[in-house]
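Chains as they are written, first to last, in my numbering: chain P, 1 to 201; chain L, 1001 to 1160.
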């Protein structure tokens, strides 16, 4: 029977390095994806994810299973991501004064992640690529806290209580935050939403 | 249920996270409220669109870098770790202790100071005090040398 996250962390605390490897294996992909969707830069996302694991390892001696492991893990990740997004925004603001950015480097980065070979029809691939780009941009346009809430809710499937703890807000405030985020996405993605709603209906 | 209350429940309803009673309440409202019904459909569509984003895999170097960072962490020692002395250090310390003890045993002890008999000292104290007074008595210093001394000199001259 697989050990729970808390059990693994307690084993790490007791000096079992192999348990840390299991936690790394279990959460590397969800963490990198969450951070990538937060900061929109793959290299930066991996750097932040490494920092998250390092902080978890450093805190092993003082670890007390007072909350769910994922709450603790994603709280570290969210704080790092929010700080990074704010720092990057400030840097971009400084750069844009002298040299406005006209190319979207992040989109280039994204394109390398998709595999065109899966799509024999290049036109279909381009349509899907444009569609994903729209979705990504819609998520990017959300305020950071709303974005974090949507990502934690949608992709990590954490419950409201956990997300509320991660974002340091009440559950009712979180529900309101998520509602506003989905409203913004609904408006931003209106053409796709209409199409999707027709397909689903 | 009012449209305002839908705000806190619509997402849970779309994702199927609502409890049975809450879900029934939402379904009841949606059945009679066209704007809320439309919003549920649109939120469901947004949720479906978010599912289209691909999952990325961390680079092959990711695990290697994490392991390197963790390996570079200093090892924390507990407060009693200092008791675990390395064998070499323990051997040298023991040898030094033995050498010091051996040298201490071999070094000749200084001659013992003669013991003073306190009772005898107290008994002789008045004599010593008299001697001290007489040796420092000024009128005695002005007297001519003792006669006995002159007699001895004369005897020596006669013998010669």
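Glycine included, every Cβ here is placed at the ideal spot set by N, Cα and C.
Practice item. Work out the CA separation of residue 63/P and residue 12/P for me, nearest whole Å. Key: 10 Å
Check your understanding: Out of curiosity, what's the CA-to-CA distance linking residue 1088/L and residue 1094/L?
Key -> 10 Å
**Study point:** Helix, strand or coil at residue 1120/L [DSSP, three-state]
**Key:** helix
Review point. Residues in the region 1040-1057 of chain L with C-beta within 9 Å of chain P's C-beta atoms, listed in sequence order?
Key: 1041, 1042, 1043, 1044, 1045, 1046, 1047, 1048, 1049, 1050, 1051, 1052, 1053, 1054, 1055, 1056, 1057
Check your understanding: Using CA coordinates, which residue listed in 51/P, 41/P, 1/P is at the minimum distance from residue 1067/L?
Key -> 51/P
Check your understanding: For the candidate residues 30/P, 77/P, 40/P, 140/P, whose alpha-carbon lies nearest to that of residue 56/P?
Key -> 77/P
Point to revise | Minimum Cβ-Cβ distance from residue 209/P to chain L less than 7 Å | key: For residue 209/P there is no data in the structure shown, the boundaries of chain P being 1 and 201.
Review point. Do residue 174/P and residue 164/P have their C-beta atoms within less than 7 Å of each other?
Key: yes
Exercise for review: Show which residues of chain P have a CB atom less than 8 Å away from the CB atom of residue 1073/L.
Suggested key: 54, 57, 58
Exercise for review: Check the Cβ-Cβ distances between residue 1033/L and every residue of chain B, and say whether any is below 7 Å.
Suggested key: Chain labels in this structure do not include chain B; the protein chains are P and L.
Practice item. Please compile the residues from chain L whose C-beta is within a distance smaller than 9 Å of the C-beta of residue 13/P. Key: None at all; the shortest Cβ gap to chain L is about 11 Å.
Exercise for review: Please check if any C-beta of chain L sits within less than 7 Å of the C-beta of residue 63/P.
Suggested key: no
Review point. Taking the alpha helix (DSSP H) that residue 44/P falls in, what are its first and last residues?
Key: 42-58
Review point. Quick one: does residue 175/P have its CB under 7 Å from some CB of chain L?
Key: yes
Check your understanding: Any idea what DSSP makes of residue 167/P, helix, strand or coil?
Key -> coil
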